[in-house]
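Residue numbers (the working numbering), protein chains in the order written: chain A, 0 to 327; chain B, -18 to 256; chain C, -9 to 268.
To start, the structure itself, in structure tokens.
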Amino acid sequence: MGPAFPTLTESIMTALVTRLLSFLFALVVASLLLFVAIKVVPGTAAGAALGIDATPQAIARFNATHGLDRPVYVQYLEWASNTLHGDFGTSFQNGVDVGPELGRRFLVTLELAGLAFIVANLIAIPLGTWAALRHQRASDSIITTLATLFGAVPSFFLATLLILLLTLRLKLLPPGGYIPFSQDPVANLRLMVMPALSLGIVSSALLVRIMRAAMIEVMSSDFIRTARAKGAPQRVVVLRHAIRNALSTYLNVAAVEFGFLFGSVVVIEDIFRIPGLGSFVLTGILNRDYPVLLASALSITVFVLVVNLIVDVAVQLLDPRVTDKKAA
Amino acid sequence: MGREINWPRWRLALIGGVIVLTVLLVAIFAPQVAPYGPLDLDVAQMLSPPTAAHPLGTDELGRDVLSRAIFATRVSMQVAFTAALLGLVVGTVIGVLAAYFGGWLDLVLMRFMEVLFSFPAILLAVVLMAALGTSVFNAMLAIGIIFIPGFSRLARAATQAVMRQQYVEAAQAIGMGHTRIIAREVLPNIIAPLLVEAAAAFSYAILLESMLSFLGLGAQPPDPSWGNMISTGRGFMAQAPWISVVPGCAIFLTVLGFNLVGDGLRDAFDPHLRD
Amino acid sequence: MVRRHARPGQQPVLAIDDLRVRFRRRRGVVTAVDGVTLEVHPGEIVGVIGESGSGKSMTAFSVMRLLPKTADLSGSIRLDGQELTALPEAAMRDVRGNRIALIPQDALQSLNPTLRVGFQVGEPIALHRRGTGTGLRGRVLDLMRAVGMARPEQTVRAWPHQLSGGMQQRAMIATGLALEPRLIIADEPTTALDVTVQAGILDLLRAIRDRSGAGMMFITHDLGVVAELCDYVYVMNGGRVVEHGPVEQVLTAPAEDYTRMLLAATPSLDAPLAEVGT
């Protein structure tokens, strides 16, 4: 290792603790907001669970069993304490334990968001790099325009078009559904192609711009000129010297975008009938199924918060002036 | 260097401006422009492909797709305009107050904004709609709320920059009241970046509104909105793809237009952000 | 005034003749270098002095053909008699880092933050296929010792930001020396350093000149440094050479008002003047 091997200084520890505290604060407020918002959802849980011809006695009994007749703050505290102990309650609709279901669905959504993220990066990194290297020439304009076009397509419309083309016209892919990867990897991936493309293409719009801007900035830096002055060919200049540095800027934004992708799966899961967290949220809303809605909405929020927290911390740790830049 | 060779940029902004103007005019003059009413049924012509009578075809109830898409422009523009305005006004008030008075007010307001900001926008929109109930008005409200933290951050940063200038101190020194200082010195100096942000918010609002209606949480059938038209059309994708494709293209073009105008505004107001 | 400081019977390392660099802009053409003629001889440190925008750095980067793509270059640049302006890009790459080395102004910015120092020092050797593996490592260590870097074995594996400013600049100099270039272009290499470190770097450059016989083009805006280091000096203003001559002559008897103005702005020069011109 280098001569001086810097350790985490006190100021970084303070920064980390601050981040962690504001994360916890966000978590509490977010859960409170969600809880209160969901409690005022019009239409009652009992109505949805028992049907419109339920007797007042039956409704009162339903509310009492589920503790819905108590003050909201009591309900919140009880729910919060249960949740902290890993008990997410049972669905009002079918009495199924929400916890295990949540775990299964989390993995499904994680796969979807992960594949979409891969698609987005496979588009954004090469195109952004290419545009930057052809800065202010025709191919730069074409790529920039393409990114602008991608950014204007709603993901659910793109999904609809993909179904029209790949399923209805070319009969290449199934229209929707889900088969676990462990059960049949090929079938799983075939089902994931269109959802991942719909989400990935749309989110590549932003990432192309970020990669392009990062590369343009890096290409104008002094160390690129040094590399050229050493006699390095363009290939070495770009691959060895420029891309590594551009990626460290790019990945900060891309990681946040991954959180964003995770948070925007609702529509796509609905269209492709994927049993993930997003469709769980919709089921919860449709059935006024509070435990389901709360658990799914909160787990999406927590995941996004955690991703953002990790990015924050990683930025601190990877800063070359703070510690060794091992990541690159 | 960018200033000299960015001719494609302003040309794109011009295209965007033309699209935006067209969409706004179509929204305002929908009854005059549309060949049919949005709910007019032509039972003899159900799922008709584009013909002379129905230039963009009809839907499963024989309603004219072009006319419905034209009337849907109104919903989209209303929601986007109101939501962006709500975000702009409330966000600016919060941001300016936080920056101007600072201290605990700043701390409390901005912490709260941070939490709101940390929610995934689409999830927040969906949950808010569920909480508020499905209606066009609530869609405006839900989307507007999503925009508040972004505007408040921007307004706060811009106000802080203004506060560092001499003239605010001078105004305070000669005993000008807070309201007058904010109205005369602060607001005129922070409005440009906020308007750029508003253009971006506008196009994002169009996307969010269409998504909410697509999920059945926004404008309710039979009233047309681009989102619920796409959603209905999905059931007839094999026989009558135009039912979905027409409103989809309408969203695409409108969002594109506002994005291009937004990029143009950003270039015009903030040369530093130029590449 | 003599047009060149040609030395009879000796071919210059670098001979620039009537160099012009123009940038096409939308609102007309900007001329950055306007008919510069200069020579650098083996074992000589030639100062090129001028304020920012005088065209001195443009002249230097023209020699390496590292100008922005919008630049339009005319005139002649000969390295050991070989015309560089007409050289294809691939052949020019063989020249860069091999026969001409650059020592840049801001060493930290000029080092890639994501690569280890040793790798970057040895990179010209690897790029020009003059060594690999353990042999390369040994040569890197030798280079580092030659430029006076502390603890070479550890520094090889250090990251650029872990070195002091002076050590970063020494790393850049080691990089430049890697292939024993004929011409070293030093672009204000001491501007970013504090005075004591600066003195050390100047001593090192002088030692390199003495033992390698390479020609050195030293770009600076600091007459004090010129007085201390250079043998010959070109004064540039507005893209042209306004005056040139042996350092002693230019500094003691400047012919041009512009040079006098530069001299007046460098009060500390009075003392070392007597020692100038060995």
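For each residue, glycine too, the CB sits at the ideal point set by N, CA and C.
Interface partners of residue i on chain B, CB under 9 Å
i	result
A:Thr147	Leu(-7), Leu237, Asn240, Leu241, Asp244
Amino acids of chain A, ordered along the chain, whose beta-carbon sits closer than 7 Å to that of residue i
i	result
B:Ser206	Near B:Ser206 there are no residues of chain A at all, since even the closest Cβ is about 12 Å away, more than 7 Å.
B:Ser296	Outside the displayed span of chain B (-18 to 256) sits residue 296 of chain B, for which this structure offers no information.
B:Ala304	The structure shown does not extend to residue 304 of chain B, since chain B spans only -18 to 256, so no value can be given for it.
B:Pro222	Leu163
B:Ala123	Within chain A, no residue comes near B:Ala123; the closest Cβ sits about 10 Å away, beyond 7 Å.
Simplified DSSP state of residue i, which is helix, strand or coil
i	result
B:Ala(-6)	helix
A:Pro99	helix
A:Ser263	coil
B:Arg255	Here B:Arg255 scores only 44 on pLDDT, less than 50, and its place in the model should not be relied on; the value that follows carries that caveat. The answer is coil: DSSP assigns B:Arg255 none of H, G, I, E or B.
C:Thr75	coil
B:Gly125	helix
A:Arg136	coil
C:Pro236	strand
C:Asp8	strand
B:Glu150	helix
C:Ser148	The sequence given here places Ala at residue 148 of chain C; Ser does not occur at that position. Coil.
C:Asp84	helix
C:Phe13	strand
C:Leu63	strand
B:Val108	helix
C:Val224	Strictly speaking, residue 224 of chain C in this sequence is Tyr, with Val absent from that position. Here C:Tyr224 sits in strand by DSSP.
C:Ala50	helix
A:Glu110	helix
A:Gly176	coil
Per DSSP, cross-strand counterpart(s) of residue i
i	result
C:Gly205	C:Leu173
C:Ala91	C:Ile174
B:Asp45	B:Thr39
C:Ile39	C:Thr210, C:Val225
A:Thr89	A:Asp96
C:Glu29	C:Ala5
Any C-beta of chain B under 8 Å from that of residue i
i	result
A:Ala36	yes
A:Gly262	yes
A:Phe259	yes
A:Ile124	no
Buried/exposed call for residue i, threshold 16 Cβ in 10 Å
i	result
B:Tyr148	exposed
C:Pro179	buried
B:Val24	exposed
C:Pro142	buried
A:Pro125	exposed
A:Thr17	exposed
A:Phe257	buried
A:Trp78	buried
A:Asn244	buried
A:Lys325	In this predicted model, A:Lys325 has a pLDDT of only 37, less than 50, meaning its place in the structure is not dependable enough to derive any value.
A:Arg104	buried
B:Ala34	exposed
Within chain C, the residues that residue i reaches when beta carbons sit closer than 8 Å
i	result
A:Ser220	Gln99
A:Ala231	Arg83, Gly87, Glu113, Leu117
Listed by chain order, chain A residues near residue i by CB distance under 8 Å
i	result
B:Leu196	Val265, Val266, Asp269, Leu281
B:Ser99	Ala25, Ala29, Thr300, Val303, Leu304, Asn307
B:Pro92	According to the sequence as given, residue 92 of chain B is Arg; it is not Pro. By Cβ distance, chain A contributes Ser21, Phe24.
Neighbour flag for residue i against chain A, beta carbons, 8 Å
i	result
C:Pro114	yes
B:Phe10	no
B:Leu22	no
B:Met192	yes
C:Ala161	no
C:Asp96	yes
The ligand NAD heavy atom lying under 7 Å from the CB of residue i
i	result
C:Gly228	This structure lacks the ligand NAD, and indeed carries no ligand of any kind.
Contacts of residue i in chain B (Cβ-Cβ under 8 Å)
i	result
A:Ala112	None at all; the shortest Cβ gap to chain B is about 11 Å.
Any C-beta of chain C under 8 Å from that of residue i
i	result
A:Glu313	Reading off the sequence shown, one finds Ala at residue 313 of chain A, where the question assumed Glu. Answer no: the Cβ-Cβ gap between A:Ala313 and chain C never drops below 8 Å.
A:Thr225	yes
Under 7 Å by beta carbon: chain C residues contacting residue i
i	result
A:Ala228	Met54, Leu56, Arg86, Gly87, Leu92
Partner residues on chain B for residue i, Cβ-Cβ distance less than 7 Å
i	result
A:Pro70	Here the premise fails: no neighbours, minimum Cβ distance about 18 Å.
A:Gly98	By Cβ distance, chain B contributes nothing, its closest Cβ being about 20 Å from A:Gly98, past 7 Å.
A:Leu33	Val108
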